[in-house]
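Peer 1: Sharing a structure below in structure tokens format, with a few things to ask.
2 protein chains.
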Amino acid sequence: MSDLLIRNCDVLNVTIDARAFVLFDHDILISGNRIEAVQPTGQADPSHFRQVIDGRGQVAMPGLINTHAHTPMVLFRGLAEDVPVHVWFNEYIWPLENNLIEEDVYWGMQLGLAEMIRGGVTSVADHYFHMDGAAKAVEKAGSRALLGWCVFGSNGQEMIERSGRFVQEWQGAANGRIRTLMAPHAPYTCDDDYLRAVVKKAKELGVGIHIHAAEEMFQTENSLSSRGKTPIQVLEEVGVLDGMTIIAHGNGVIPQDYPILTRHQVGIAHCVKGYLKMAAGTTPLLDFRQHQIPIGLGSDGAVSNNTLDIFEVMRLMPMAQKNHHHNAEVMPIAEVLYIATRDSARVYGQPDDLGNLDPGSLADIILVDMTQPHTQPLHSIPATLVYNTRASDVQTVIIDGQVVMKNHELLTLDEGEIISYAVEHKARLAHRDTNKRIQTYAP
Amino acid sequence: MSDLLIRNCDVLNVTIDARAFVLFDHDILISGNRIEAVQPTGQADPSHFRQVIDGRGQVAMPGLINTHAHTPMVLFRGLAEDVPVHVWFNEYIWPLENNLIEEDVYWGMQLGLAEMIRGGVTSVADHYFHMDGAAKAVEKAGSRALLGWCVFGSNGQEMIERSGRFVQEWQGAANGRIRTLMAPHAPYTCDDDYLRAVVKKAKELGVGIHIHAAEEMFQTENSLSSRGKTPIQVLEEVGVLDGMTIIAHGNGVIPQDYPILTRHQVGIAHCVKGYLKMAAGTTPLLDFRQHQIPIGLGSDGAVSNNTLDIFEVMRLMPMAQKNHHHNAEVMPIAEVLYIATRDSARVYGQPDDLGNLDPGSLADIILVDMTQPHTQPLHSIPATLVYNTRASDVQTVIIDGQVVMKNHELLTLDEGEIISYAVEHKARLAHRDTNKRIQTYAP
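Heads up: the sequence lines are chains A and B, in that order. Heads up: the first sequence at position 194 corresponds to 222 in this note's numbering, and the numbers run straight through without jumps. Heads up: the second sequence at position 248 corresponds to 276 in this note's numbering, and the numbers run straight through without jumps.
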């Protein structure tokens with residue numbers, strides 16, 4: 029008796045060398061939390077499975093991985109629009125984040141996880157505050173998460189210890205769905221000694237580091253002019269890149285950084301919607317690809333990106349690259365799907381288990397409805413997934429072998445209750461005293 | 029007894045000077061095909077209306093206007109990806125369009141209209157072939173459309189006459205929902221004499237002209253070097269701009285064209301998704317705004333844009349502009365909403381009747397669900413409409429006073445039957461003989 033059979037769907041297969049093809053009319057067999065087999069429909073007997081899902085008209089693909097988010101920021105979305113980055117930080121975000129308590133993070137995380145599950149995102153690398161609240165929400169949602177408690181240099185050693193205790197408490201929790209890491213904010217808010225102390229703690233705990241760096245070119249220029257090193261060089265020197273590392277954004281990465289990133293196999297989380305909105309410049313993704321630097325898709329927080337919609341990011345990435353390079357041929361569809369699946373799993377630190385539907389991998393699978401007018405007729409499933417599919421086309425979501433959304437119905441979270449919390453606390457959360465901020469942006 | 033009452037919704041109000049605000053808890057009263065009043069909930073007695081729609085949790089806004097589409101091309105979507113424009117035309121689109129018969133246009137138009145109604149698009153300016161089929165589909169769908177039968181210079185006077193007969197037959201049909209115009213393809217596929225002949229016919233019939241021009245900068249450069257005039261100057265000289273005119277794209281419009289466009293109040297249809305995908309350059313929209321040149325949102329055909337999703341175009345437009353100008357402050361949310369509503373109605377040629385919810389205007393209204401996790405909490409309705417809203421959030425659609433979609437159920441079209449046609453004819457439509465094409469792209 030196996031656990032779960034998904035019958036008669038079309039299965040997206042993305043190869044390690046970034047080709048994409050479709051296995052039509054296939055079944056996916058799941059045993060426990062892993063994929064047992066992907067095989068033509070007709071071979072498996074449905075009566076041998078505890079649960080059977082009819083996949084007709086749907087495409088099965090690996091659950092999407094959000095490699096950089098501040099999920100609970102959904103509570104602030106829409107509050108900071110059409111402003112440059114220093115105003116965004118100093119007059120909006122960092123004053124607003126004064127309002128946060130752990131309960132907000134717990135409910136805000138649930139709200140964002142509900143949005144993400146509905147949109148086919150099964151894993152999220154989250155970087156925020158009061159992370160016990162976030163972990164409890166992940167446990168409840170049934171999602172997979174890689175959680176780090178954000179620390180600033182001004183927080184001192186005490187917060188390094190606190191976030192280290194978070195790592196110890198939650199690493200491997202929820203049947204291994206929760207993993208943790210250290211999360212210093214950025215080289216411009218943590219000095220070298222502080223970063224070294226974070227690295228020491230990460231090595232002691234055997235976990236990686238998730239950090240913002242070289243977010244925009246002027247950060248790199250400032251770093252070069254003030255200290256003669258790029259932010260990436262700084263990170264290498266202080267040891268941040270020694271273990272598994274996620275660097276958020278990297279729009280200010282320059283060619284001299286490439287060998288460093290390649291050598292350490294540092295993953296770059298790419299959150300293009302916010303870059304476009306905030307005019308943060310174009311990430312050198314074609315160079316990253318050429319230098320075998322892993323790229324993962326990310327939503328960033330919902331105050332810059334507004335949504336946690338990875339299908340949208342998947343679509344925007346090639347459009348921004350084609351436009352920037354004046355070349356419609358760059359970053360073709362198969363490469364986009366590779367970045368969205370296997371490469372994002374590399375950035376997330378689980379390339380063997382996630383981002384693919386190979387037998388033996390973890391059963392994080394989404395079923396995407398392809399029967400609606402906006403995807404018909406279906407001349408090309410890969411093209412449709414990249415350029416037509418909406419988050420709302422995700423019909424069923426399986427994480428770690430468990431069905432967490434079935435036919436658009438969320439099975440783990442109470443959306444009414446979650447939204448009630450958000451509505452009830454809206455005014456308190458929107459309060460803003462620009463003289464009180466958790467940090468000052470002056471990179 | 030009035031006809032329709034929409035109760036207790038939040039109403040988006042966009043002013044003529046491009047400010048956006050929301051009237052909370054309002055009713056919309058509709059009499060016949062026009063808006064009678066917009067007033068606070070509580071004043072109108074529901075029992076005095078033939079039909080009442082509960083608008084709680086929803087935002088009412090003017091139906092979206094797609095100012096440039098080749099709707100039936102949905103039948104080919106996904107067949108031409110990651111290729112430059114000359115390959116796209118010569119090896120894909122123009123060979124594929126050899127396959128088209130009027131029946132395809134009838135069903136393809138229905139398929140696209142189904143997608144558009146579902147996504148809140150109530151009016152479309154369509155430019156294609158076999159337009160009797162398109163008009164019949166519009167009549168059936170209950171949509172509003174401005175239809176033009178595409179002609180090339182190589183088609184000769186005969187097709188000018190044919191498309192003129194189409195204008196005569198359909199102008200004002202379906203209670204005025206259908207309007208028509210002449211639709212010469214472009215100055216690079218119609219020589220000056222041919223354009224003059226089209227203008228003569230348009231004037232004779234008292235209709236406008238919908239044409240592609242200055243689509244990319246190299247078209248303008250080629251025109252300047254071969255004949256010393258920009259495509260816009262050519263259009264002015266031959267008389268195309270004398271009446272109501274829609275110009276599709278205009279990425280190659282240069283400053284010397286601005287006074288011409290301003291003087292004639294020529295509308296520019298902006299289809300940014302395709303420009304990004306096909307690396308067609310950035311439209312000088314900030315200059316257009318400064319010169320009071322009307323801008324309308326458009327989807328173009330679904331082989332370049334993949335979808336007919338005007339919410340997506342609405343979001344991409346400011347993102348592309350902010351990115352291009354390295355300035356997060358340009359094209360703020362209220363201006364985006366102005367372009368999507370009142371300015372698109374100017375381009376469409378019905379600024380007094382469409383693109384607003386003013387009393388006396390035509391009752392083309394969409395209700396957008398704001399209760400889902402990806403739009404909560406609702407700190408800013410304008411921001412949410414631009415940066416969070418998906419086509420699938422549109423819950424109810426009213427066109428010309430008629431409810432054509434209610435709670436996501438399409439009332440006028442049979443989607444099963446439409447998709448069956450598309451699936452059945454998929455292989456025939458995808459057949460491609462690159463030696464047989466309807467035109468050759470060599471602008």
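C-beta atoms are modelled at their ideal positions from N, C-alpha and C, and glycine is treated no differently.
Under 8 Å Cβ to Cβ from A:Gly192, same chain only, skipping five residues before and after it: list those, please.
Peer 2: Met210, Lys229, Glu232 and Leu233
Peer 1: Along the segment 95 to 107 of chain B, what residues have a CB closer than 9 Å to any CB found in chain A?
Peer 2: Val102, Leu103, Phe104, Arg105, Gly106 and Leu107
Peer 1: With B:Ser408 as the anchor, note down where its beta strand (DSSP E) starts and where it stops.
Peer 2: Taken as a continuous stretch (DSSP letters only), B:Ser408 belongs to no beta strand (DSSP E), as it is neither H nor E.
Peer 1: From the beta carbon of A:His240, is the nearest beta carbon of chain B less than 8 Å away?
Peer 2: no
Peer 1: In chain B, which residues lie with their C-beta within 9 Å of the C-beta of A:Tyr415?
Peer 2: Arg105, Gly106, Glu109, Lys301, Lys305, Asn333, Asn334 and Thr335
Peer 1: Ordered along the chain, which non-local residues of its own chain (more than five positions away) have a Cβ less than 8 Å from that of B:Leu141?
Peer 2: Thr99, Val152, Ala165, Val166, Ala169, Ser171 and Leu441
Peer 1: State yes or no: is the C-beta of B:Ile427 within less than 8 Å of the C-beta of B:Leu40?
Peer 2: no
Peer 1: Taking only the alpha-carbon atoms, compute the straight-line gap between B:Tyr6 and B:Gly280 and give it to the nearest angstrom.
Peer 2: In the structure as shown, chain B starts at 29 and stops at 471, and residue 6 of chain B therefore has no counterpart that could be examined.
Peer 1: Below 8 Å on the Cβ atoms is my contact criterion, and I expect B:Leu344 with B:Val300 to pass it. Report the Cβ-Cβ distance as a whole number of Å.
Peer 2: In this structure, B:Leu344 and B:Val300 form a Cβ contact; the two beta carbons are roughly 5 Å apart against a cut-off of 8 Å.
Peer 1: Using alpha carbons as the reference points, say which of B:Asp82, B:Arg47, B:Ala48 and B:Val50 lies closest to B:Leu57.
Peer 2: The residue with the shortest Cα to Cα distance from B:Leu57 is B:Asp82.
Peer 1: Thinking C-beta only, is B:Ile237 closer than 8 Å to B:Thr273?
Peer 2: Annotated as proximal: B:Thr273 and B:Ile237, with beta-carbon spacing under 8 Å.
Peer 1: Where in the segment 334 to 418 of chain A do unbroken runs of the alpha helix (DSSP H), each at least 4 residues long, occur, reported from the N-terminal end onward?
Peer 2: 338 to 352, 361 to 366, 372 to 376 and 409 to 415
Peer 1: Looking only at its chain, what residues have a beta carbon closer than 8 Å to the beta carbon of B:Ile446, apart from the 5 residues adjacent to it on each side?
Peer 2: Trp135, Gln138, Leu139 and Ala142
Peer 1: Taking buried to mean at least 16 other C-beta atoms within 10 Å of its own C-beta, is A:Ile196 buried or exposed?
Peer 2: Looking at the sequence itself, residue 196 of chain A is Gln, so the reference to Ile does not match. Its Cβ having fewer than 16 others within 10 Å, A:Gln196 is exposed.
Peer 1: For A:Arg460, name the three-state secondary structure that DSSP assigns.
Peer 2: Coil at A:Arg460, not helix or strand.
Peer 1: Can the beta-carbon of A:Val425 be found less than 8 Å from the beta-carbon of A:Gly148?
Peer 2: yes
Peer 1: Starting from the C-beta of A:Pro287, find all residues in its chain whose C-beta is less than 8 Å away, skip the five residues before and the five after it, and write them out in chain order.
Peer 2: His319
Peer 1: Within the 8 Å Cβ cut-off, does B:Ala65 reach chain A?
Peer 2: no
Peer 1: Identify whether A:Asp55 lies in helix, strand or coil by the three-state DSSP scheme.
Peer 2: Correct three-state label for A:Asp55: strand.
Peer 1: Mark A:Val451 as exposed unless 16 or more other C-beta atoms lie within 10 angstroms of its C-beta, in which case mark it buried.
Peer 2: exposed
Peer 1: Output the boundary residues of the beta strand (DSSP E) element that contains B:Phe77.
Peer 2: Phe77 to Asp82
Peer 1: State yes or no: is the C-beta of B:Ser171 nearer than 7 Å to some heavy atom of the ligand NAD?
Peer 2: What this structure holds is no ligand at all, so the ligand NAD is not there to describe.
Peer 1: With A:His292 as the anchor, note down where its alpha helix (DSSP H) starts and where it stops.
Peer 2: Tyr286 to His292
Peer 1: So, with DSSP's three-state summary, where would you put B:Tyr469?
Peer 2: coil
Peer 1: Looking at chain B, is there any beta carbon in it that lies within less than 8 Å of the beta carbon of A:Asn61?
Peer 2: no
Peer 1: Under 8 Å, Cβ to Cβ, is there at least one residue of chain B near A:Leu139?
Peer 2: Yes - at least one Cβ of chain B is within 8 Å of the one on A:Leu139.
Peer 1: I'd like the list of long-range same chain contacts for B:Thr310, defined as Cβ closer than 6 Å, with 5 residues on each side in sequence excluded.
Peer 2: His352
Peer 1: Leaving out five residues on either side along the sequence, give the residues of the same chain with a beta carbon under 7 Å from the beta carbon of B:Gly383.
Peer 2: Pro90, Ile93, Thr369, Arg370, Ser372 and Ala373
Peer 1: Please return the same chain residues whose Cβ sits closer than 7 Å to the Cβ of B:Ala356, not counting the five positions on each side in sequence.
Peer 2: Lys350
Peer 1: Cutting at 6 Å between CB atoms, please list the residues of its own chain near A:Phe339, excluding the five before and the five after it.
Peer 2: Thr417 and Ala419
Peer 1: B:Ala163: which of B:Ile145, B:Asp386 and B:Phe194 sits nearest, CA to CA?
Peer 2: B:Phe194
Peer 1: Helix, strand or coil for A:Val235, going by three-state DSSP, please let me know.
Peer 2: Three-state result, A:Val235: coil.
Peer 1: What's the call for B:Glu363, buried or exposed, on a 16-neighbour Cβ count within 10 Å?
Peer 2: buried
Peer 1: Quick one: what's got a C-beta closer than 6 Å to B:Ile367's C-beta in the same chain, skipping five residues either side?
Peer 2: Ile323
Peer 1: Quick one: is A:Gln71 buried, meaning 16 or more other Cβ sit within 10 Å of its Cβ, or exposed?
Peer 2: Looking at its Cβ environment, which holds fewer than 16 other Cβ atoms inside 10 Å, A:Gln71 is exposed.
Peer 1: Exposed or buried, what is A:Asp380 when buried is set at 16 or more other beta-carbons lying within 10 Å of its beta-carbon?
Peer 2: Label assigned to A:Asp380: exposed.
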